[in-house]
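In this note's numbering, the protein residues as written are 620 to 734.
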């Protein structure tokens, strides 16, 4: 069993031991992902690049926990919907390779329709 399968099983065990599946419908899971992403973003709000770099080093554990919260909800949502995250990410990378060809996108931050 791969690492992703193992963590999904641990997530489901944690959820099911608490009878929380009743709350984990797709809408609530998506809302939870956004809420946790907002908590991550809060760590960086109003800081300069230099302040962010220093803050991130000094608060790595707190930031790590927020990233983990996002991932836990994301992995569970994908599993609940029967979506393989690895397959989905590989497919999205292929789409992005087409939308952002190296010769047009290298060193640029423009959206694909502006290249």
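Don't be surprised by glycine CBs; every beta carbon is placed ideally from N, CA and C.
Asked                                                                                                : Found
Endpoints, alpha helix (DSSP H) assigned at residue 715                                              : 704-718
Range of the contiguous alpha helix (DSSP H) that encloses residue 648                               : 645-661
9 Å Cβ cutoff met for residue 696 and residue 668                                                    : no
Inter-stretch contact at 8 Å, needing at least 3 Cβ pairs: the segment 654-661 / the segment 680-688 : yes
Beta-carbon proximity check, residue 645 vs residue 700, cutoff 9 Å                                  : yes
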